[in-house]
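Step one of this worksheet: look at the structure below.
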């Protein structure tokens, strides 16, 4: 929808048709855990724009429950199946944007297609998860995968009084953090009663016999865990089958290869969002990062270019943020592990400071880990775990990474200080000072 | 103390003597309003390090109540008056750091030296203001000058139940903001009952006759306002008399001229903190910015260089932040007015957005004003006024200014998003998108 609305802004004369396989367009999938947890009242609150608004205000012809089944890049047409009328038709195009998004990763395990095993992606999922959460007979919830969405969902179900178990195949949750920082999240989760089981792979899902097939158990190497509902939080995979079948080049993890203008390998065909690749500005490598921020930016760039303007998407630095209970978590750039994998020789330092002036009540505390390149002092990444008011400071470091600043530059930045907001050296600068000493020590 | 402790870290063998005219060293002057307002329990909480700690841990010979009365840069010595013993002596130096700070601006008005007219600078002021605030007979407080400290003190006294009047000679408080943004603060102040009188110059201060000379009234063109205590919040002036008498070059507002290593115009004499100038990275001009952040950074640089290391202070971008009641305020770079004065042709746009995802309860709102150069789109400055969680986002823009980013770059930044922290386009990016449209419109 971002591509469509930006194309509209640039070219009032374009005929713009949007096909959506599901029932909804333009909604916040990231809001689903907050809907299930009760902060958001109803599914409709997550809608940014209704198809009617898009039609009336932006003159975009949005057709929901229309599934594009094939793309013919030579004939310049798409084949569409209209679900309600159950008929198939073909529509020609001058320019095509593929924005098929991503789907929750579903490993091939026995029973994974049971109706009580759900991803967190569409508003159908949202409704279904909310129905489970608010059902008094829903007492036992298993979350498979301890990523952002998995942990947000764990907290949402705890709020309803359910017993929640998180199963994580790796040795720590939050795979996008280094283990030492992820450990801090374990403590928070356990604090609200979540049973976090690391190094625990799932073998399958078994529906309960003799019942309505509406619940079952999760089989692990350590035995079965009963579950009224299972939430899949194992990450997502790009939905690129349509693009693949059309002959478009795919890259890392099967995501669609795009250039900085969001052009695919085929002339006049564009891709944006969770189905497409991005360039990582720190590692210099293509990455698949399925986040709403990236999707919106890529869509905007595609739309502007389609309308004859010029815009580029210069890449990501891998920023992400969440909140688990009252612990805030953020990361940007490369972890220690990722820096090594990308070929950097790096140092990493961790500092713990108060968030505000230490002499104020409830100053709170936060830990900052900085990763920097040996020799140059180039910032490579950061992780933050802390109390309220800590995590959004990752933006300072994300901006610094974007500009290729060094640890020394971070010390010099003119960041805002007053006692209710920071100590006189902002926590990220205190972190930089420690990193600078570590860099000097290894020179 | 920052210069002294950094010099110590680099050179364990140096003999380091610190002369301080007052009783305290190494304290947070910025914390005084929070002490007076009751958030901080006692004056000692504002001490970072005691003279004893500095002596014992860092082997720095701190001598309080020692006033340096003259510097002889040819003889390389200082003349010192020891208040307690009431004697004067001379001490030679190899390297001298002048860190005499700033003093509250006191216009030459009749009665301004009355004991009930106080600045907010030292811990003596802090004790005296706290004594007034907690005195049940202190009912009427006048704050002269509506800058950061003045408004923070106004709020502190309101908390004690006093009637507070703020007198501001200009047409709006917060002179470091444009008028349209300062207006938003007026509303907050009035909301807690502060009587804000703009365009109101002070003519003098009159002590009440027949009483203990411990209160009086403030004379203005619109009549006299009774006052149990007057707080001077008219900004500060560098304390550079000693440097001037020693023949050091002074610049804007009489602050000491320093190079990027914090060297003054005289070899072996350094200056740092509120008495020294800084370079403004956006305007390219020397500025006097008396803030703890700048002072700490400059002191660090001087200390490292004195110890034979190499460090530079590459300047400021003019970042500042505060909180008035529950309204947060921040600014960085140049205002519209400052941009014009610095010779830029600039556009300015204001956006109002929710701080978090709009569908969450208590999402809060914030206004962002961006100032950018026509043609290049170079970011020149920003102002933020908003609810809790808004103002510290100025750091993203401060970092962008530091790196000389454009409005287009700000749109592209990979900032952190999750519903409890932001909308999918961070408020500063929504502001950048509006600024981009304004730039396109004037091209």
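Residue numbers (the numbering used here), protein chains in the order written: chain C, 1134 to 1576; chain V, 1134 to 1576. All C-beta atoms in this analysis are idealised placements derived from N, C-alpha and C, irrespective of residue type, glycine included.
TODO: Check whether the Cβ atoms of residue 1388 of chain V and residue 1410 of chain V lie closer than 8 Å to each other.
DONE: Translated into positions along the second chain, residue 1388 of chain V becomes position 255. Translated into positions along the second chain, residue 1410 of chain V becomes position 277. Yes, these two residues count as a Cβ contact at 8 Å.
Task: Helix, strand or coil at residue 1510 of chain C [DSSP, three-state] - done: For the purposes of this step, residue 1510 of chain C is identified with residue 377 of the first chain, where counting begins at 1. The answer is coil: DSSP assigns residue 1510 of chain C none of H, G, I, E or B.
- [ ] Given a cut-off of 8 Å, decide if residue 1429 of chain C and residue 1135 of chain C are closer than it, judged by their beta-carbon atoms.
- [x] Here residue 1135 of chain C refers to the residue found at position 2 when the first chain is read from its first residue. Here residue 1429 of chain C refers to the residue found at position 296 when the first chain is read from its first residue. Taking 8 Å as the Cβ cut-off, residue 1135 of chain C and residue 1429 of chain C qualify as a contacting pair.
Task: Given residue 1435 of chain V as reference, the closest of V/1392, V/1422, V/1284 once Cα atoms are compared - done: As a first step, residue 1435 of chain V must be located in the second chain, where it is residue number 302. Among V/1392, V/1422, V/1284, the Cα nearest to that of residue 1435 of chain V belongs to V/1392.
TODO: Within the same chain, show all residues whose beta-carbon is closer than 7 Å to that of residue 1181 of chain V, passing over the 5 residues directly before and after it, in chain order.
DONE: Against the second chain, residue 1181 of chain V aligns to sequence position 48. 1159, 1160, 1161.
Task: Backbone CA spacing between residue 1566 of chain V and residue 1542 of chain V [nearest angstrom] - done: As a first step, residue 1566 of chain V is located in the second chain; it is residue number 433 there, counting from the start. As a first step, residue 1542 of chain V is located in the second chain; it is residue number 409 there, counting from the start. When rounded, the distance between both Cα atoms is 10 Å.
Open item on the list: For a test of the three-state rule: what should DSSP assign to residue 1254 of chain C, helix, strand or coil?
Closed with: For this step, residue 1254 of chain C is matched to residue 121 along the first chain. It is coil, neither helix nor strand.
Task: Test: residue 1560 of chain C CB closer than 8 Å to a CB of chain V - done: As a position in the first chain, residue 1560 of chain C is number 427, starting the count at 1. For residue 1560 of chain C, the answer is no, since every Cβ of chain V falls outside 8 Å of its Cβ.
Open item on the list: Once DSSP output is grouped into helix, strand and coil, what is the label at residue 1403 of chain C?
Closed with: Start at 1 with the first residue of the first chain, and residue 1403 of chain C comes out as number 270. Residue 1403 of chain C falls in the strand class under three-state DSSP.
Open item on the list: Considering just the uninterrupted stretch of the beta strand (DSSP E) at residue 1530 of chain C, what are its terminal residues?
Closed with: To locate residue 1530 of chain C, count along the first chain from 1; it is residue 397. Segment 1527-1535 is the alpha helix (DSSP H) holding residue 1530 of chain C; no beta strand (DSSP E) there.
TODO: Would you give the residue range spanned by the alpha helix (DSSP H) that residue 1316 of chain V belongs to?
DONE: Here the question's residue 1316 of chain V lines up with position 183 in the second chain. First-last of the alpha helix (DSSP H) with residue 1316 of chain V: 1312-1324.
Task: Beta carbon of residue 1242 of chain C nearer than 8 Å to that of residue 1326 of chain C - done: The residue given as residue 1242 of chain C occupies position 109 in the first chain. The residue given as residue 1326 of chain C occupies position 193 in the first chain. Taking 8 Å as the Cβ cut-off, residue 1242 of chain C and residue 1326 of chain C do not qualify as a contacting pair.
Task: Coil, strand or helix - residue 1236 of chain V by DSSP - done: To locate residue 1236 of chain V, count along the second chain from 1; it is residue 103. In this structure, residue 1236 of chain V counts as strand in the three-state DSSP scheme.
- [ ] Note down, one range per segment and in chain order, each alpha helix (DSSP H) of at least 4 residues found wholly within the stretch 1179-1238 of chain C.
- [x] 1184-1191
Open item on the list: Counting C-beta neighbours from all protein chains within 10 Å, is the total for residue 1446 of chain V 16 or more, i.e. buried, or is it exposed?
Closed with: The count along the second chain starts at 1 and reaches residue 1446 of chain V at position 313. Buried, because 16 or more other Cβ atoms sit within 10 Å of the Cβ of residue 1446 of chain V.
Task: Proximal residues, the stretch 1539-1552 of chain V versus chain C, C-beta separation under 8 Å - done: 1542, 1544, 1545, 1546, 1547, 1548, 1549, 1550, 1551, 1552
Open item on the list: Residues of chain C with CB closer than 8 Å to the CB of residue 1179 of chain V, please, in chain order.
Closed with: Working through the second chain from its first residue, we reach residue 1179 of chain V at position 46. Result: 1492.
Task: Three-way DSSP call (helix, strand, coil) for residue 1328 of chain V in this model - done: Here the question's residue 1328 of chain V lines up with position 195 in the second chain. Strand at residue 1328 of chain V.
Open item on the list: My assumption, with CB atoms under 8 Å, is that residue 1225 of chain V sits in contact with residue 1209 of chain V. Please give the rounded CB distance.
Closed with: Along the second chain, read from residue 1 onward, the residue named residue 1225 of chain V stands at position 92. Along the second chain, read from residue 1 onward, the residue named residue 1209 of chain V stands at position 76. Sure, about 6 Å apart at Cβ, within 8 Å.
- [ ] Count the other CB atoms, across all protein chains shown, that sit within 10 Å of the CB of residue 1502 of chain V; report buried if there are 16 or more and exposed otherwise.
- [x] Start at 1 with the first residue of the second chain, and residue 1502 of chain V comes out as number 369. Its Cβ being crowded by 16 or more others within 10 Å, residue 1502 of chain V is buried.
Open item on the list: Would residue 1455 of chain C and residue 1262 of chain C be called neighbours here (beta carbons separated by less than 8 Å)?
Closed with: To locate residue 1455 of chain C, count along the first chain from 1; it is residue 322. To locate residue 1262 of chain C, count along the first chain from 1; it is residue 129. Contact flag unset, no.
Open item on the list: With a threshold of 8 Å between beta carbons, is residue 1438 of chain V in contact with chain C?
Closed with: In the second chain, the residue the question calls residue 1438 of chain V occupies position 305. No, its Cβ sits nowhere closer than 8 Å to a Cβ of chain C.
Task: residue 1447 of chain C at chain V interface by Cβ criterion, 8 Å - done: If you number the first chain from 1, residue 1447 of chain C lands on position 314. So yes, residue 1447 of chain C belongs to the interface.
- [ ] Tell me, please, whether the CB atom of residue 1172 of chain V is closer than 8 Å to any CB atom in chain B?
- [x] No chain B is part of this structure, whose protein chains are labelled C and V.
Open item on the list: Please report whether the beta-carbon of residue 1160 of chain V lies at a distance below 8 Å from any beta-carbon of chain C.
Closed with: Against the second chain, residue 1160 of chain V aligns to sequence position 27. False, the Cβ-Cβ gap to chain C never drops below 8 Å.
- [ ] Can you tell me which of C/1146, C/1256, C/1201 puts its alpha carbon nearest to the alpha carbon of residue 1179 of chain C?
- [x] Here residue 1179 of chain C refers to the residue found at position 46 of the first chain. Among C/1146, C/1256, C/1201, the Cα nearest to that of residue 1179 of chain C belongs to C/1256.
Task: Pair within 8 Å by beta-carbon distance, residue 1535 of chain C and residue 1363 of chain C - done: Within the first chain, residue 1535 of chain C is the residue found at index 402, counting from 1. Within the first chain, residue 1363 of chain C is the residue found at index 230, counting from 1. For residue 1535 of chain C and residue 1363 of chain C, no; Cβs fall outside 8 Å.
Task: Bridge partner(s) assigned by DSSP for residue 1576 of chain V - done: Locating residue 1576 of chain V in the second chain gives position 443, counting from the first residue. Note: residue 1576 of chain V sits in no beta bridge, so no partner.
TODO: Note the first and the last residue of the continuous beta strand (DSSP E) segment covering residue 1360 of chain V.
DONE: On the second chain, residue 1360 of chain V is found 227 positions in, with the first residue counted as 1. That run of the beta strand (DSSP E) goes 1356-1360.
TODO: Counting only the same chain and skipping the five closest in sequence on each side, list residues whose C-beta sits under 6 Å from that of residue 1169 of chain C.
DONE: On the first chain, residue 1169 of chain C is found 36 positions in, with the first residue counted as 1. Only 1262, 1263, 1266, 1289 meet the Cβ criterion.
- [ ] For residue 1567 of chain C, decide whether its Cβ has a neighbour in chain V, counting only Cβ atoms nearer than 8 Å.
- [x] Counting from 1 along the first chain, the entry for residue 1567 of chain C is found at position 434. So, not an interface residue.
- [ ] Give a yes or no on whether the C-beta atoms belonging to residue 1199 of chain C and residue 1148 of chain C are separated by under 8 Å.
- [x] Indexing the first chain from 1 puts residue 1199 of chain C at position 66. Indexing the first chain from 1 puts residue 1148 of chain C at position 15. In this structure, residue 1148 of chain C does not lie closer than 8 Å to residue 1199 of chain C by Cβ.
Open item on the list: Give me the DSSP bridge partner(s) of residue 1502 of chain V.
Closed with: Reading the second chain from its first residue, position 369 is the one you call residue 1502 of chain V. Answer is V/1483, V/1516, bridged to residue 1502 of chain V.
Open item on the list: Check this for me: beta carbons of residue 1239 of chain V and residue 1192 of chain V, under 8 Å apart or not?
Closed with: Within the second chain, residue 1239 of chain V is the residue found at index 106, counting from 1. Within the second chain, residue 1192 of chain V is the residue found at index 59, counting from 1. No, these two residues do not count as a Cβ contact at 8 Å.
TODO: Taking residue 1143 of chain V as part of the alpha helix (DSSP H), name the residues at either end of that continuous run.
DONE: Taking the first residue of the second chain as 1, we reach residue 1143 of chain V at position 10. Unbroken alpha helix (DSSP H) run through residue 1143 of chain V: 1135-1143.
Open item on the list: Taking DSSP's pairing of strands, which residues face residue 1365 of chain V in a bridge?
Closed with: By 1-based counting over the second chain, the position of residue 1365 of chain V is 232. Per DSSP, V/1277.
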